[in-house]
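Undergrad: Residue numbers (the working numbering): 57 to 253. Just so it is clear, CB atoms sit at the ideal spot from N, CA and C, and this is done for glycine as well. These figures come from a predicted structure and were not determined experimentally.
As structure tokens, then:
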């Protein structure tokens, strides 16, 4: 396993899960590149504002944007030394209450265009068991690159996310032990307790 610094992180999907994680990671010293398609969300971010209410978010966003720890784009930026991709896109349900993976499939296809050897992809969206292996991994394997893949579900509650992300145990699963170890190393910079599966 190649030891990586994992200091440049791309978080794809800046809804509640992605934006709060972006703020926390930026505060922990990561250089965070956010990716979002929604023009309203991007418009608010340009004004250094969020699109939902979270205690402390307004001041937090101003700080990390002014300090150049957090920047945002419509597409995955190139030439930014990114080695960690965290997928936080929405996974709505259809009429039969089954998860729609369209956003995940599209996001992973975009990641595959910039993926380098030894990069790690972390799925954080709410998905059913087997999605990492049967959807994400299959798309990324087509690149023929050596990559790591982990699943680190979000657990924060609206209204408390910016506090809870620092203290809640982070559950981590992965494609293999190296993937789990790399993801654990990343999240240990945020929260003290890691639970691996």
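In angstroms, rounded to a whole number, what distance separates the CA positions of residue 238 and residue 210?
TA: Looking at the two C-alpha atoms, the distance is approximately 17 Å.
Undergrad: Would you please state the rounded distance, in angstroms, between the beta carbons of residue 144 and residue 73? I believe it to be under 8 Å.
TA: With 8 Å as the limit, residue 144 and residue 73 qualify as a contact, their Cβ atoms being about 5 Å apart.
Undergrad: When burial is assigned at 16 or more other CB atoms within 10 Å of the CB, is residue 110 buried or exposed?
TA: Buried, because 16 or more other Cβ atoms sit within 10 Å of the Cβ of residue 110.
Undergrad: Can you give me the C-alpha to C-alpha distance between residue 89 and residue 182, rounded to a whole angstrom?
TA: Answer to the nearest angstrom: the Cα atoms are 21 Å apart.
Undergrad: So, with DSSP's three-state summary, where would you put residue 76?
TA: In the structure shown, residue 76 sits in a helix (DSSP, three-state: H, G or I).
Undergrad: Kindly indicate which three-state DSSP category residue 87 falls into: helix, strand or coil?
TA: DSSP places residue 87 in strand when its eight states are reduced to three.
Undergrad: Alpha carbon to alpha carbon, how far is residue 112 from residue 218?
TA: Going by the C-alpha atoms only, they are around 8 Å apart.
Undergrad: Mind listing, in chain order, the continuous beta strand (DSSP E) runs of no fewer than 3 residues lying wholly within the segment 196-224?
TA: Whole beta strand (DSSP E) segments, 3+ residues: 204-207.
Undergrad: In chain order, what are the residue ranges of uninterrupted beta strand (DSSP E) at least 3 long that sit wholly in the segment 165-191?
TA: The qualifying runs are 176-179.
Undergrad: Applying the 10 Å Cβ sphere with the 16-neighbour rule, what's the burial state of residue 165?
TA: By the 10 Å Cβ count, residue 165 comes out exposed.
Undergrad: With DSSP collapsed to three states, give me the class of residue 253.
TA: Coil, per DSSP.
Undergrad: Alpha carbon to alpha carbon, how far is residue 227 from residue 188?
TA: Rounded to whole angstroms, residue 227 to residue 188 spans 15 Å at the Cα level.
Undergrad: Could you give the DSSP three-state label for residue 121: helix, strand or coil?
TA: Three-state DSSP puts residue 121 in a helix.
Undergrad: Comparing C-alpha positions only, which one of 180, 246, 203 and 82 sits nearest to residue 221?
TA: If we check each option's Cα against that of residue 221, 246 comes out closest.
Undergrad: Measuring alpha carbon to alpha carbon, tell me which of 234, 170 and 84 ends up nearest residue 199.
TA: Residue 170 is the option with its Cα nearest to residue 199.
Undergrad: Reducing DSSP to helix, strand and coil, say where residue 228 ends up.
TA: Note: residue 228 maps to strand in three-state DSSP.
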